[in-house]
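Structure first, then comments.
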Amino acid sequence: MSQGPLLDTNSPLNGDQAQRLNDVLGGMDRDQMTWLSGYLAGLNASGGQMSAASPAGTTQTTSALPEIVVLYGSQTGNAEGVAEQARDRATARGFNVRMVDMADMTKKDLKDPTNLVVVVSTQGEGDPPDTAIGFYELINGRKAPKLDGHRFAVLGLGDSSYDQFCQMGKEFDARLAELGAERISDRIDCDVDYEEPAEAWIDAVLARYAEISGATTVADGQAAPAASTGESQWSKKNPFYAEILDTVILNDEGSSKETRHIELSLEDSGLVYEPGDALGVVPQNDPAYVDELLEKLRISHDTELDTGSKVRDALLAEFEVTTLTRPFLEKWAELSDNDELRRILSDEAREEFKEWVYGRHIIDVIEQFPVDNLDAATFTQALRKLPPRLYSIASSYNADPDEVHLTVGVVRYESHGRTRNGVTTGYLSDHVEPGDRIPIYVDRNKNFKLPHDNSTPIIMVGPGTGVAPFRAFMQERDDADADGDNWLFFGDQHFHTDFLYQAEWLSWREKGLLTRLDVAFSRDQAEKIYVQDRLRENGKDIYAWLERGAHFYICGDGDRMAADVHQALLDIAKEHGGLDEDAAAQYIRDLQQSKRYQRDVY
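Under full-length UniProt numbering, think of the first position of the sequence shown as 1, with each following residue one higher.
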């Protein structure tokens, strides 16, 4: 139970009123404070007074509001955050609310008619979040329940640079309707800058549920903002400017890679984090790229936008000007009136579209499909906001609370006759240095966490920069004198140039903290060896560790590595657990549902 805020002596209440209110506030938890905030705001807005017939703990409505179930499927925590916002706003309006993870939703839970608010993210190329797989398979399988009498509304989260943008939102929306549920509000698909549209959608859906029930809240449908919950003041919209303390290239001479270890100061920030969390970095675009872009568009650097910003400044800091998305290309096809671009965007050319987009940036589209006399405002309206980039934190707050460390693989390549750099990795490697300050915030990941019990064994699979959170795991367990066994699988190209944090792993192994260490360096022999190969080689021991309660973690490339490791895990369950295909798949699903199998993939 949290300690609520106490009134000071400057409040307008008399002594008895202040004491009674302090007694109430002192025992309230977060949800109760949120509800009270909305209730009092609504009461004030309506000019009403609390009467003896309306004691504290009830919400005045014209008729009872229905129960709402906020159902979410979240991989990194964004969908869960939107679900929490929906819960808090619904509670403040007077609804009875339950918030349920898809991992915990069963067929039995859908037996009675339910008012659903569904928030779901899309993982990778159109997949459900790990903890939502079971529910996804339930409603799409032969045993799917009939949902006549249920109502629902769906919000999807995704990234429009992926071809299967918000695919899970689309599929859940369609499937719930197919099973007989009534859609009470149109689905929305939110891109990486999802906060404002998500907030508007929540308000619209809650207003619709109130309308259907024939009830109105005391605030006439307008919920107050959620009360402060003690979260950091620093966020994506209000980042903390952290000083760069050090940056070190981890690869030795001769490597084809550039991996940087970056240390940032958190002094005086109040920021805290846990192993498994990510650090959001708010980058700037490459000035040389922006200048070339403006030159090709024949737009002056000093042109002012409606916001009052000059276009060059806006393109540097506000807009995504590299990554191609389907919405941008659709807008550009309209502006250029180009039949070839329309053909590439057609449903019949989806496979060709994937190949065509690969390795191209916005500047390539402008060159290939020019638009004459394009003004700055029209161009920027076609762009999406520049999203922060998230990096798995490579340090433990408890071990060093004044710092946060990152492991960053710098992206540099050539394609279609042009040299390319990653937006944020180029910013961190080429445009800032120790002593400079960069905007950051902590992005919590509730689905990638160490076990609560320090004696629980863990298996970590982290090739390349995917090793970052496991460095944090080891620092955390070292600081806590944890006695749980720890097993790391690390892979990269070459032992002599690419063994990231080698001295630290060997030191922890010598100390006994790192129980086992298996490595796979793919280019050190004729036949390439990867972490999934090492997993199969050690399959018997891995299965034994899992059987005694080990947690299994993957971090890194989501396109191929994570899928290959997942398949290796299935094969291990079959071979060493004596399970058939279906039983092995269920074994892995059970690990995911119980959060003993967690992934942080990108």
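Positions of the beta carbon are idealized from the N, C-alpha and C atoms, including for glycine.
In this text, all values refer to a predicted model and were calculated from it rather than measured experimentally.
Would you mind working out which of the options sits nearest residue i, comparing C-alpha positions?
i	options	result
A103	T114, D112 and E80	E80
V531	E510, Y194, T122 and G466	G466
Y427	Q123, T247, I344 and Y209	T247
R516	F495, P457, K528 and D524	P457
D559	T76, Q123, L390 and N115	Q123
A210	V282, A92 and G156	A92
F95	R208, C166, V272 and E330	R208
V442	T425, P451 and Y397	Y397
M168	Q75, E527 and S392	Q75
K237	L264, K385 and G158	K385
F499	L138, R548 and S256	S256
V205	M105, E274, R342 and P66	P66
residue 607	K143, Y587 and R326	Given that the chain is displayed from residue 1 to residue 602, the structure contains no residue 607 and the question cannot be resolved.
K449	H405, S392 and A333	S392
H405	D252, D430, H361 and A472	A472
A480	A399, Q502 and R142	A399
P239	G254, L513, E253 and S269	S269
K107	G158, S594, L335 and G141	G141
G156	P128, A177 and Y597	P128
M474	K540, R589 and E274	E274
F135	D580, R596, Q592 and Y597	Q592
A468	F495, E504 and D159	E504
Would you call residue i buried or exposed, if buried means 16 or more other Cβ atoms sit within 10 Å of its Cβ?
i	result
T307	exposed
V565	buried
L506	exposed
Q233	exposed
A214	Reading the sequence as shown, one finds Gly at residue 214 and not Ala. Exposed is the call here.
S415	exposed
Y39	At Y39 the pLDDT is 47, less than 50, meaning the model places this residue with poor confidence; the figure from the coordinates comes in the next sentence. Classification of Y39: buried, given that the 10 Å Cβ count is 16 or more.
R389	buried
D372	exposed
S51	Legend: pLDDT at S51 = 34, less than 50; position of this residue unreliable, no value from coordinates given.
D88	buried
R477	buried
P287	exposed
K143	exposed
T58	Bear in mind that a pLDDT of 32 at T58, under 50, signals an unreliable position, so the model cannot answer this.
S594	exposed
F319	buried
R360	buried
Kindly list the residues whose CB is nearer than 8 Å to the CB of residue i, restricted to its own chain and excluding five residues on each side of it in sequence; keep chain order.
i	result
R437	Y241, A242, E243 and I244
Y72	A79, E80, V82, A83, M99, V100, D101, M102, V118, V119 and V120
V301	It is His, not Val, that sits at residue 301 in the sequence shown. Cβ within range, chain order: D291, L294, K310, V311 and R312.
N445	T76, G77, G276, D277, A278 and D600
residue 610	This structure gives no information on residue 610, because the portion of the chain shown stretches from 1 to 602.
W545	P457, I459, D485 and W487
R536	A568, D571 and I572
I588	H566, L569, L570, A573 and Y597
Excluding the 5 residues flanking residue i on each side, which residues of the same chain have their C-beta closer than 6 Å to its C-beta?
i	result
I363	L293
A584	L570, A573 and K574
N538	none
G180	K146, L147 and D148
F489	V461, D518, V531 and R534
Q222	Reliability of the predicted coordinates at Q222 is poor, the pLDDT of 45 falling under 50, and the value obtained from them is presented with this limitation in mind. Correct list: empty, nothing qualifies.
Does the distance from the CB of residue i to the CB of residue j come in under 8 Å?
i	j	result
V461	Y553	yes
Q284	A314	no
V192	F172	no
D163	E195	no
F521	D557	no
F470	A382	no
I212	L297	no
L324	S455	no
P451	H551	yes
A376	T322	no
T131	V69	no
N338	F369	yes
G409	T425	yes
V282	P439	yes
R151	L116	yes
T497	N251	yes
I188	P197	yes
Looking only at its own chain, which residues have a Cβ that is under 7 Å from the Cβ of residue i, when we skip the five neighbours before and after it?
i	result
I344	E352, F353 and W356
D31	Annotation note: pLDDT 49 at D31 (below 50); position unreliable, no value reported.
I133	R589 and Q592
L514	M474, N486, L488, W505 and W508
**Request:** Please determine if the region 345–356 and the region 412–428 are in contact, where contact requires at least 3 C-beta pairs separated by less than 8 Å.
**Result:** no
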